[in-house]
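**Q**
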Amino acid sequence: MSLRLRLALWYGGLTTGVVALVCAYSYAVHGRTHYDELDGVLRAMANHVVEELEAAPTTDARVGILNASQLLGAGFRVHDSRGALLGQSSFAEASPRAEPLSVQQAAPVRPYPWIGVLAPGLHNATGSRGTFGVARGPDGSRWRVYVVPMRGGNELLTALLPLRHIDATISQFGRLMLLMAIIGGLVTFVSGWVLARRALRPVATLTSTAGAIAQSRTFSRRVPLPRERDELGVLAATFNEMLASLDDAYQAQARFVSAASHEMRAPLTVIQANLELLHGRAEHLTEHDRGHAIREAWQETSRLSRLVADLLSLARADAGVPLRREAVELDRVLLTVIGEARHLAQGQRFEISELAPTIVTGDPDRLKQLFLNLVDNAIKYTPPTGRISASLRAAGGYAEVVIRDTGIGIASADLPHVFERFYRAEPARSRDPGGTGLGLPIARWIADQHGGTIELASVAGHGVTAVVRLPL
Ligand code: ADP
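1 is the number of the first residue of the sequence shown in my numbering; add one for each residue after it.
1) Leaving out five residues before and five after Leu-101 in sequence, what residues of the same chain have Cβ atoms less than 7 Å from its Cβ?
2) Beta-carbon distances below 5 Å to any heavy atom of the ligand ADP define the shell here; list its residues in chain order, please.
3) Tyr-381 by DSSP, collapsed to three states: which one?
4) Evaluate the contact criterion for the region 55 to 67 versus the region 146 to 157: three or more CB pairs, one atom per stretch, below 8 Å.
5) Across which residues does DSSP place Asp-80 in a beta bridge pair?
6) Under 7 Å Cβ to Cβ from Val-223, same chain only, skipping five residues before and after it: list those, please.
7) Within 10 Å of its beta-carbon, does Val-360 have 16 or more other beta-carbons around it, so buried, or fewer, so exposed?
8) In whole angstroms, what is the alpha-carbon distance linking Leu-71 and Gly-17?
9) Is the separation between the beta-carbon of Thr-336 and that of Leu-392 shorter than 9 Å?
10) Can you tell me whether DSSP reads Gly-461 as helix, strand or coil?
11) State the beta-bridge partners of Ile-388 as determined by DSSP.
12) Quick one: what's Pro-471 bridged to in DSSP?
13) Going by C-alpha distance, which of Gln-346, Asp-363, Leu-38, Ala-341 is nearest Ile-166?
14) Does DSSP put Leu-5 in a helix, in a strand, or in coil?
15) Considering just the uninterrupted stretch of the alpha helix (DSSP H) at Ala-252, what are its terminal residues?
16) If you scan the region 15 to 84 from start to end, which runs of the alpha helix (DSSP H) of 4 or more residues do you find wholly inside it?
17) Once DSSP output is grouped into helix, strand and coil, what is the label at Thr-209?
18) My guess is that Glu-51 and Ile-65 are in contact by the Cβ rule of under 8 Å, so how many angstroms apart are they, rounded?
19) Rounded to whole angstroms, what is the Cα-Cα separation between Thr-218 and Ala-254?
20) Give the DSSP-derived three-state secondary structure of Val-109 in the structure shown.
21) Return the CA-CA distance between Asp-80 and Leu-186, expressed in angstroms with no decimal places.
Written out as structure tokens, the structure is:
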């Protein structure tokens with residue numbers, strides 16, 4: 001079942017239910033009130049006639065009273081205590097026979113429909129001396145009967161009032177209420193159906209756009225924003241934001257793949273050319289040229305394997321592979337890194353200005369990779385006469401590692417970009433053709449994963465200061 005149909009059914013069903021309840025209750029109150037009112041009138045009339053009859057001095061006077069009483073619009077009969085008829089008004093002659101004794105003995109009969117019991121009664125009949133009942137005329141019409149004892153119980157007065165008019169009015173009112181409930185239900189169902197279509201139109205647009213995007217396999221399309229900024233408007237806007245971020249990620253991925261292939265092509269071309277040279281024209285080459293070709297191919301191979309290792313690290317980072325979490329003695333890690341770096345150095349002097357024993361939680365191999373990337377850059381971009389210093393101290397809940405060199409530095413225009421993948425600034429690019437442009441992005445990812453930060457500060461020509469902060 002569609003959401004639209006369900007909404008319309010719920011809306012129509014609930015409203016119909018409420019309207020039906022209101023109509024039924026109005027019918028109950030309306031019906032009961034009218035019949036109760038009538039009972040009150042009948043009782044008052046009967047009591048009045050009883051008073052008059054009891055005060056009448058002669059039989060003639062009583063006959064006169066009975067005949068005059070029909071002006072009240074009701075019929076009256078007088079029976080003796082055994083039920084024999086003693087006299088009646090002429091109006092009562094046309095009314096149904098209602099044995100006063102059986103009326104008195106029968107269980108009380110409600111004149112109103114059963115639903116009337118739900119409504120409050122109009123007046124309290126307790127204390128009333130008489131008994132109410134209902135009798136049917138020969139034509140099927142109903143009469144309200146009230147039997148009240150008089151003259152000390154020796155006689156019974158029966159008052160009869162036709163219910164024909166009020167029965168007709170109340171059943172007409174009942175039909176009207178039923179009709180209203182049905183019409184109300186239909187109207188709310190149809191308006192619910194129309195409203196649901198209007199409300200769900202943006203969802204339909206969203207669905208078709210999402211379908212088109214799925215087919216086109218690009219994220220450049222956007223959902224048209226509805227004019228109202230309601231829940232569906234917010235949904236559409238959020239959907240667009242999601243598309244924009246997917247688009248960004250998709251483009252970045254495409255750029256990354258193209259940059260990676262580009263970076264790989266250069267060393268592969270060099271290796272291929274040198275191997276062709278060695279294979280095809282080996283006899284024409286001098287020993288020196290052969291050695292050069294082999295060395296160059298070897299250098300490119302090691303660059304390629306570095307590149308692949310870096311790409312692997314970044315692929316792991318992108319895939320969200322979790323890092324190990326264990327207590328790491330940062331001072332030991334830094335010492336190991338400096339020790340290894342000394343072998344790579346081409347004459348640069350190393351110094352450790354401060355080395356506080358510090359423990360952080362994290363992955364020791366990754367942290368080593370982070371510092372190695374920084375120290376490796378310091379070596380690559382610092383002349384052999386330069387100096388590289390490292391320090392480690394704890395401050396403000398963080399372990400702070402500073403690696404400073406006296407090398408070529410980074411121009412302020414390049415500084416904001418050095419953490420981008422494959423970004424390499426001049427003159428570093430021409431100076432060190434072996435770099436990959438992935439060292440700093442990897443370092444930043446590792447720092448992020450440890451809940452830390454990494455910052456680079458530099459003045460071109462005056463070296464670089466790298467500061468890494470990791471939570472203790
Ligand atoms: P790579 O060093 O392999 O080129 P990185 O991501 O490590 O790649 O560094 C990106 C760029 O930032 C480098 O190409 C270089 O231009 C610059 N850079 C990083 N560290 C230093 C440094 N210590 N001194 C000068 N330039 C640096």
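We put the beta carbon where it would ideally sit given N, CA and C, even for glycine. Fair warning: this is a prediction, and the values are worked out from it, not measured in the lab.
**A** Taking the coordinates as given:
1) Counted from its first residue, the sequence shown places residue 101 at position 101. Result list for Leu-101: Gly-83, in chain order.
2) Asn-377, Ala-378, Tyr-381, Gly-407, Ile-410, Val-418, Arg-424, Ala-425, Ala-428, Gly-435, Thr-436, Gly-437, Gly-439, Leu-440, Val-464
3) In the sequence shown, residue 381 corresponds to position 381, counting from 1. The DSSP-derived three-state label of Tyr-381 is coil.
4) no
5) Working through the sequence shown from its first residue, we reach residue 80 at position 80. Bridge partners of Asp-80: Glu-155.
6) Here residue 223 is taken as the residue at index 223 of the sequence shown, counted from 1. Only Thr-205, Leu-206, Thr-209, Ala-236, Phe-239, Asn-240 meet the Cβ criterion.
7) Here the question's residue 360 lines up with position 360 in the sequence shown. Classification of Val-360: buried, given that the 10 Å Cβ count is 16 or more.
8) For the purposes of this step, residue 71 is identified with residue 71 of the sequence shown, where counting begins at 1. For the purposes of this step, residue 17 is identified with residue 17 of the sequence shown, where counting begins at 1. When rounded, the distance between both Cα atoms is 46 Å.
9) One-based indexing of the sequence shown puts residue 336 at position 336. One-based indexing of the sequence shown puts residue 392 at position 392. No, they are not a contact pair.
10) Here residue 461 is taken as the residue at index 461 of the sequence shown, counted from 1. Gly-461: coil per DSSP, three-state reduction.
11) One-based indexing of the sequence shown puts residue 388 at position 388. In DSSP, Ile-388 forms a bridge with Phe-350, Asp-405.
12) Taking the first residue of the sequence shown as 1, we reach residue 471 at position 471. According to DSSP, which records beta bridges pairwise, Pro-471 is partnered with Tyr-398.
13) The sequence position of residue 166 within the sequence shown is 166, counting from 1. The residue with the shortest Cα to Cα distance from Ile-166 is Leu-38.
14) Counted from its first residue, the sequence shown places residue 5 at position 5. Three-state result, Leu-5: helix.
15) On the sequence shown, position 252 is the one that residue 252 refers to. First-last of the alpha helix (DSSP H) with Ala-252: 231 to 280.
16) 59 to 69
17) Mapped onto the sequence shown, residue 209 falls at position 209. Residue state, collapsed to three classes: helix.
18) Here residue 51 refers to the residue found at position 51 when the sequence shown is read from its first residue. Here residue 65 refers to the residue found at position 65 when the sequence shown is read from its first residue. Actually they are not in contact, since the Cβ atoms of Glu-51 and Ile-65 sit about 10 Å apart, beyond 8 Å.
19) What you label residue 218 is simply residue 218 of the sequence shown in a count that begins at 1. What you label residue 254 is simply residue 254 of the sequence shown in a count that begins at 1. Rounded to whole angstroms, Thr-218 to Ala-254 spans 12 Å at the Cα level.
20) Your numbering for residue 109 matches position 109 in the sequence shown. Coil at Val-109, not helix or strand.
21) Here the question's residue 80 lines up with position 80 in the sequence shown. Here the question's residue 186 lines up with position 186 in the sequence shown. Answer to the nearest angstrom: the Cα atoms are 59 Å apart.
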